[in-house]
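Peer 1:
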Amino acid sequence: MESLQLFTRQTKAISTARRSLLLIESIPGIRFNEIVEVELGTGETRTGQVIEVGKTTTVVQVFGGVSEVDLLNSQVRYKGETLKLPVSPDILGRIFDGSGNPIDGGPPIIADSYLDINGIPANPASRMPPAEFIETGISAIDGLNVLVRGQKLPIFSGSGLPHNKIAAQILRQAALRGKAEEFAIVFGAVGVSYDDAAYFISNLEETGALSRAVGFINTASSPVIERLSTPRLALTAAEYLAWEQDLHVLVILTDITNYCDALRELAAMRGEIPSRRGYPGYMYTDLASMYERAGRIAGREGSVTILPILTMPDDDITHPIADLTGYITEGQIVLSRALERKRIYPPIDVFLSLSRMMKEGIGEGNTREDHNNVFMQSYAVYAEGNYLREISTVIGSEALSDRDRVYLDAADRFEQEFISQNEFTRRSVEETLGTAWNIFSMLPREDLKLIQEEYIKKYLPEAPKA
Amino acid sequence: MGKIWRISGPVVIAEEMRGSQVYEVVDVGDDRLTGEIIGLEQDKAVIQVYEDTTGLRVGEPVVGTGEILMVELGPGIVGNIYDGVQRSLVTMMGDIGDFLLRGARTDALDREKKWHFTPSVKAGDEVNEGDIIGSVPETGLIEHRIMVPIGIQGKVLEISEGDFTVEDTIAMLEYDGQKKPLTMMQRWPARKPRIYKERFPPEDLLVTGTRVMDYLFPLALGGKAAIPGGFGTGKTVNLQQMARWSQTHLNIYVGCGERGNEMADVLYSFKKLRDPATDRLLQEKEIFIANTSNMPVVAREISIYTGITMAEYFRDMGYDVLLVADSTSRWAEAMREIGARLEETPGEEGFPTYLGSRLASFYERSGRVQCVGKPERMGSATVIGSVSPPGADFSEPVTQATLRIVDALYSLDVALANKRHFPTINWLQSYSLYSESVDKWWNKISPDYTDVRNRTLIILQNEAELEEIVRLVGPEALPEDDKLLLLVARMIREDFLMQSAYHPVDTYSSPERSHMMLSTIIKFYDLAKELSESGMLVSEISALKHVQRISRMKDVPHEEFEKYVKDLRADMEKMTIEQEGGM
């Protein structure tokens, strides 16, 4: 069987070339999903993948399209393999393209092993629930939407909003409390502009983090098909570093919207029946096959934490890309154009944002004993203030009671002092909680219903500031 | 034995398959991936494969097993964690490690472990299908009743007490001159409902410990319900809470196409949490089926049937069983994907046209029944499924098809989630058709239940109407009686409907406790009305210490609760007298 393959692994019998598909007369031994090389008459080589194989006909999707394929001279070579990433500890500090080739001028990786970029699903019974608090130094996250190791927490953004700045700030600042350990960083850029990719890389360089980072870059001008492989390469590298090298890995994937559009484009070329807004019906499963690679495994040192970034078309949170992502990830950080217009950085909408893993990561031993109470009270105060703000636009603030006006002020201060902070300021969780307590001190004390009496005694500042 | 003829994603077509049957389980390819025949044409079989088909080749062997997809039922099932095709994930962890390699095989039930079997019939007895012939203390919470498999009967020749594995013979029957050995294990085709003697309408409350469900929209044992909600509305937390605290004999948690980390969280929490009634570990009354979103899609489709078959099996022992399925939308998507691969004509949004009938036939496997066999017994299987509508748009096909079949709806609300009001069950949109039938049950707890419930729903309805006005004229412009209603509605919302899944006391609220809480708030309303009529301002009423004491009710430990409420109520009466005295 094996020797047979040696001389039958290539063929010229292409019967049809249409859109991105080739129909080829089958030869024995073709594997489903295997990678092929298509050699054109001009000598150019393109990569493709077997997407259906039958006894008589094999369907190959050609990455980069079928232009210039001719049915006489083009040749198809089967590689017998799915896409694999060569890995070794030397991948740290390196930058690759969306096919896994180095683009930083360095030598190729001498591989310890080759890993299938699709990964293997973790046994749910082997997983450990994520619980270790990651201090990002950003109050809106550390105080209200806590990130923990092994979580997947996307940033839902819109075009023109500062998601890259926030992601870069998290990369610079993220650390476990009280531990010197640093995260290894894996960066997957999918269909982003050259400038965006360069921004992240220079950021990593400036902070000296590049030596513990790996980048996979597919820019807007790179082949569309590589948008599907780029995040998978990144996640494969992350899994290798986490499960084999015992590192805690933070993965940034940007921009998932480009990924999904590539998925739609290739699905349409195959003539598949589209679901919502033309995206394929299996997009949930496809996205899950990436996001679900985050996690912790019992008995293993490392972890994979994923921060995907996506830009919601028209800021629409019900758009399939944001919607399906939200159904898979453990919460979301949502950026708000309204806050951005008020010049608040980071413009994080704390009502739409959510971290599902928060309860595990806070409290005594993780952050501080009063964290959960402060979290709940902050929401209550800010929500009340926002509600009154809304009403007062109709009836005017004069029609509000004195108590209500205090809440209006509190909501303003919450945005100005708690959410807002400098791009280069790293607030400890104590500072974050302290900021909230300062705001509480302007409210009537009996209104702090959601906080236990002992914490009020311990943490409420003495004299309320005017 | 056949050969692979075509491969397209999870769908494989094999040739030379004459003699196979539809739904027969087959081993596909050199790696022996598990598949199931879903169609036959001439000598070709269409097979859905339960594992990733990457790397398969045309010509690789396809071997029939001669059996349709069976669920193994017997001791060892409780506390276990299975994937969709009932491979034990616990066993796989030991056998192949932390990642799910393809082609792995495990037995659903441990073949080595010995169980202590105590017979309840003796040699010479005539037994029929469904009869209980003995039992095994499977866990501290579940006595596993061994039943004569359906289709078998005869005279007991021998039966004995002792320690046996699930494959050992525990009894020998004779029928028509033929001897038939019985073991503790039986098998049942997953897609086929198990039989029962007679079905009855549900009438007892399924106590979930979640106040808004138990009190306002009660679910009955043997009922069927759906929880639709957009992302972030807490579907999974709701279902986890039900699986944790429901006062049933056994719960089955089917994680179908959902998050791995959440599944891990569930599994860990059940190893720590204890059942409020018995103080035993919750794990001892739970079966888990975990088919996370990154595990093969096709296995999602079968996982629901594997779960409901287990539920029916324990129902047949005379137990009350709850099955929660999270999420039925992912199940429907699996059907859509297979349908598309088979090039079927799609219905709405690409879902197969049989979506509605598949959903209906799944939910219909719930029910309260008289079981087959002796001794006479009643059992129930309750089914609750979550639905994940895209964009939280309930007009989509899966939600709509589900609403046509279920009798209780817990509608989760994104707006409530954004306000951090949990559980986010919207009180204006949810309903339960069981509320009348469980009235009798509730009236045993308290005769004024129906009255309190109805008044509460009316207050909440009135609040919604007043809210519209407040948005136009502001809260200060309302008359006093409306202000009072808003105050009380707010108390109902914040001090009763809101419930923390993470607070050690508040996480479970018994029906008695729920009733005392809500009736205290209603009582306060009546007394406050008198105060208001006698001239007290609502702003003064809301500053009364009693209001704050009511808000603390939910956190009062169970053992102090009765006294706390009694004292509070007594003081509430006094607040009336003091006020009148002051006039």
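Protein sequences, first through last, are from chains Y and W. Using the numbering used here, you'd call the opening residue of the first sequence number 879 and step up by one each time. Using the numbering used here, you'd call the opening residue of the second sequence number 33 and step up by one each time. Heads up, the beta-carbon is just placed ideally off N, CA and C, and yes, glycines get one too.
Just confirm the distance between the C-beta atoms of residue 249 of chain W and residue 540 of chain W, as a whole number of angstroms; I'd bet it's less than 8 Å.
Peer 2: Start at 1 with the first residue of the second sequence, and residue 249 of chain W comes out as number 217. Start at 1 with the first residue of the second sequence, and residue 540 of chain W comes out as number 508. The Cβ separation is near 18 Å, so there is no contact.
Peer 1: Under 8 Å Cβ to Cβ from residue 1176 of chain Y, same chain only, skipping five residues before and after it: list those, please.
Peer 2: Position 298 of the first sequence holds residue 1176 of chain Y. Only 1004, 1005, 1006 meet the Cβ criterion.
Peer 1: Please determine if the segment 516–527 of chain W and the segment 556–565 of chain W are in contact, where contact requires at least 3 C-beta pairs separated by less than 8 Å.
Peer 2: The segment 516–527 of chain W is in contact with the segment 556–565 of chain W.
Peer 1: Give the residues of chain W in contact with residue 1006 of chain Y, contact being defined as C-beta atoms less than 8 Å apart.
Peer 2: For this step, residue 1006 of chain Y is matched to residue 128 along the first sequence. What residue 1006 of chain Y touches in chain W: 296, 300.
Peer 1: Flag residue 897 of chain Y as yes if its beta-carbon sits less than 9 Å from any beta-carbon of chain W, otherwise no.
Peer 2: Working through the first sequence from its first residue, we reach residue 897 of chain Y at position 19. Not closer than 9 Å to any Cβ of chain W, the Cβ of residue 897 of chain Y fails to qualify, so no.
Peer 1: Is the shortest distance between the beta-carbon of residue 37 of chain W and the beta-carbons of chain Y less than 9 Å?
Peer 2: Along the second sequence, one-based indexing puts residue 37 of chain W at 5. Yes, residue 37 of chain W lies at the interface with chain Y (some Cβ there is under 9 Å from its Cβ).
Peer 1: Quick check: the segment 433–447 of chain W against the segment 383–392 of chain W, are there 3 or more CB pairs under 8 Å?
Peer 2: Yes, the segment 433–447 of chain W touches the segment 383–392 of chain W.
Peer 1: Does the beta carbon of residue 1346 of chain Y come closer than 9 Å to any beta carbon on chain W?
Peer 2: Since the first residue shown for chain Y is 879 and the last is 1344, residue 1346 of chain Y is missing from the structure and cannot be characterised.
Peer 1: So which of Y/996, Y/1159, Y/1181, Y/1040 has the shortest CA-CA distance to residue 1124 of chain Y?
Peer 2: The residue you call residue 1124 of chain Y lines up with position 246 of the first sequence. Closest by alpha carbon: Y/1181.
Peer 1: Let me know the secondary structure DSSP gives residue 1330 of chain Y once reduced to three states.
Peer 2: Along the first sequence, read from residue 1 onward, the residue named residue 1330 of chain Y stands at position 452. Coil at residue 1330 of chain Y, not helix or strand.
Peer 1: Which same chain residues end up closer than 8 Å to residue 981 of chain Y when comparing Cβ atoms and leaving out the 5 residues on each side of it in sequence?
Peer 2: Numbered from 1 along the first sequence, position 103 holds the residue referred to as residue 981 of chain Y. These residues qualify, in order along the chain: 973, 974, 975, 1095.
Peer 1: Do you know offhand how far residue 118 of chain W's Cα is from residue 226 of chain W's?
Peer 2: Numbered from its first residue, the second sequence carries residue 118 of chain W at position 86. Numbered from its first residue, the second sequence carries residue 226 of chain W at position 194. When rounded, the distance between both Cα atoms is 18 Å.
Peer 1: Would you check if the segment 436–447 of chain W and the segment 458–476 of chain W touch, i.e. whether three or more CB-CB distances between them fall below 8 Å?
Peer 2: Verdict: yes, contact present.
Peer 1: Measuring CA to CA, which of W/536, W/336, W/603 is closest to residue 319 of chain W?
Peer 2: If you number the second sequence from 1, residue 319 of chain W lands on position 287. When only C-alpha atoms are compared, the closest one is W/336.
Peer 1: Provide the residue span of the alpha helix (DSSP H) that contains residue 524 of chain W, from first to last.
Peer 2: For this step, residue 524 of chain W is matched to residue 492 along the second sequence. That run of the alpha helix (DSSP H) goes 512–524.
Peer 1: Please name the residue in Y/1069, Y/1251, Y/998, Y/1256 whose C-alpha comes closest to that of residue 1166 of chain Y.
Peer 2: Position 288 of the first sequence, counting from 1, holds the residue named residue 1166 of chain Y. Among Y/1069, Y/1251, Y/998, Y/1256, the Cα nearest to that of residue 1166 of chain Y is on Y/998.
Peer 1: Which residue from Y/1105, Y/1101, Y/1064, Y/1207 puts its Cα closest to that of residue 1087 of chain Y?
Peer 2: Numbered from 1 along the first sequence, position 209 holds the residue referred to as residue 1087 of chain Y. Out of Y/1105, Y/1101, Y/1064, Y/1207, Y/1064 has the C-alpha closest to the C-alpha of residue 1087 of chain Y.
Peer 1: If I follow the unbroken alpha helix (DSSP H) through residue 1047 of chain Y, where does it start and stop?
Peer 2: Here the question's residue 1047 of chain Y lines up with position 169 in the first sequence. That run of the alpha helix (DSSP H) goes 1041–1051.
Peer 1: When the Cβ atoms of the segment 250–257 of chain W are set against those of the segment 447–460 of chain W, are three or more pairs found closer than 8 Å?
Peer 2: The segment 250–257 of chain W is not in contact with the segment 447–460 of chain W.
Peer 1: Is there at least one Cβ from chain Y nearer than 9 Å to residue 534 of chain W's Cβ?
Peer 2: As a working mapping, residue 534 of chain W is identified with position 502 in the second sequence. Closer than 9 Å: yes.
Peer 1: On the three-state DSSP scale, how would you describe residue 288 of chain W?
Peer 2: What you label residue 288 of chain W is simply residue 256 of the second sequence in a count that begins at 1. Of the three classes helix, strand and coil, the one that applies to residue 288 of chain W here is strand, per DSSP.
Peer 1: Helix, strand or coil: which one does DSSP assign to residue 1269 of chain Y?
Peer 2: Taking the first residue of the first sequence as position 1, residue 1269 of chain Y is located at position 391. It is helical.
Peer 1: Measuring CB to CB, does residue 144 of chain W end up less than 9 Å from residue 334 of chain W?
Peer 2: Stepping through the second sequence from its first residue, residue 144 of chain W is reached at position 112. Stepping through the second sequence from its first residue, residue 334 of chain W is reached at position 302. No.
Peer 1: Does DSSP put residue 1019 of chain Y in a helix, in a strand, or in coil?
Peer 2: In the first sequence, the residue the question calls residue 1019 of chain Y occupies position 141. DSSP places residue 1019 of chain Y in helix when its eight states are reduced to three.
Peer 1: List, in chain order, every chain Y residue whose beta-carbon is nearer than 7 Å to that of residue 231 of chain W.
Peer 2: What you label residue 231 of chain W is simply residue 199 of the second sequence in a count that begins at 1. Result: empty, since nearest Cβ-Cβ is about 35 Å, beyond 7 Å.
Peer 1: Would you identify the three-state DSSP class for residue 155 of chain W, choosing helix, strand or coil?
Peer 2: Counted from its first residue, the second sequence places residue 155 of chain W at position 123. Three-state DSSP puts residue 155 of chain W in coil, outside helix and strand.
Peer 1: Output yes or no for whether 9 Å exceeds the beta carbon distance between residue 271 of chain W and residue 356 of chain W.
Peer 2: Residue mapping note: residue 271 of chain W aligns to position 239 of the second sequence, counting from 1. Residue mapping note: residue 356 of chain W aligns to position 324 of the second sequence, counting from 1. Contact flag set, yes.
Peer 1: Using the DSSP secondary-structure output, state which residues sit across from residue 992 of chain Y in a beta bridge.
Peer 2: Counting from 1 along the first sequence, the entry for residue 992 of chain Y is found at position 114. Its beta-bridge partners are Y/964.
Peer 1: Quick check on residue 1119 of chain Y: does DSSP put it in helix, strand or coil?
Peer 2: Here residue 1119 of chain Y is taken as the residue at index 241 of the first sequence, counted from 1. Note: residue 1119 of chain Y maps to helix in three-state DSSP.
Peer 1: Less than 9 Å between the beta carbons of residue 1330 of chain Y and residue 1264 of chain Y, yes or no?
Peer 2: Here residue 1330 of chain Y refers to the residue found at position 452 of the first sequence. Here residue 1264 of chain Y refers to the residue found at position 386 of the first sequence. No.
Peer 1: What residues in the segment 1145–1165 of chain Y bring their beta carbon closer than 8 Å to a beta carbon of chain W?
Peer 2: Cβ contacts with chain W come from 1150, 1151, 1152, 1153, 1154, 1159, 1160, 1162, 1163.
Peer 1: Residues of chain W with a CB under 9 Å from the CB of residue 1196 of chain Y: which are they?
Peer 2: The sequence position of residue 1196 of chain Y within the first sequence is 318, counting from 1. Within 9 Å Cβ-Cβ: 262, 422, 423, 424, 425.
Peer 1: Looking at C-alpha atoms only, which residue of W/532, W/543, W/512, W/523 is the closest neighbour of residue 567 of chain W?
Peer 2: The sequence position of residue 567 of chain W within the second sequence is 535, counting from 1. The residue with the shortest Cα to Cα distance from residue 567 of chain W is W/512.
Peer 1: Check each residue of the segment 171–187 of chain W: if its Cβ is closer than 9 Å to any Cβ of chain Y, include it; give the result in chain order.
Peer 2: Listed by position along the chain: nothing, the set is empty.
Peer 1: Give every residue of the same chain whose Cβ lies closer than 7 Å to the Cβ of residue 879 of chain Y, excluding the five residues on either side of it in the sequence, and list them in chain order.
Peer 2: Taking the first residue of the first sequence as 1, we reach residue 879 of chain Y at position 1. Confidence at residue 879 of chain Y is low in this model, with a pLDDT of 34, below 50, so its placement is unreliable and the value that follows should be read with caution. If we look at residue 879 of chain Y and ignore the five residues flanking it on each side, it has no Cβ neighbours.
Peer 1: Does the beta carbon of residue 955 of chain Y sit closer than 9 Å to a beta carbon anywhere in chain W?
Peer 2: Counted from its first residue, the first sequence places residue 955 of chain Y at position 77. Residue 955 of chain Y does not count as touching chain W.
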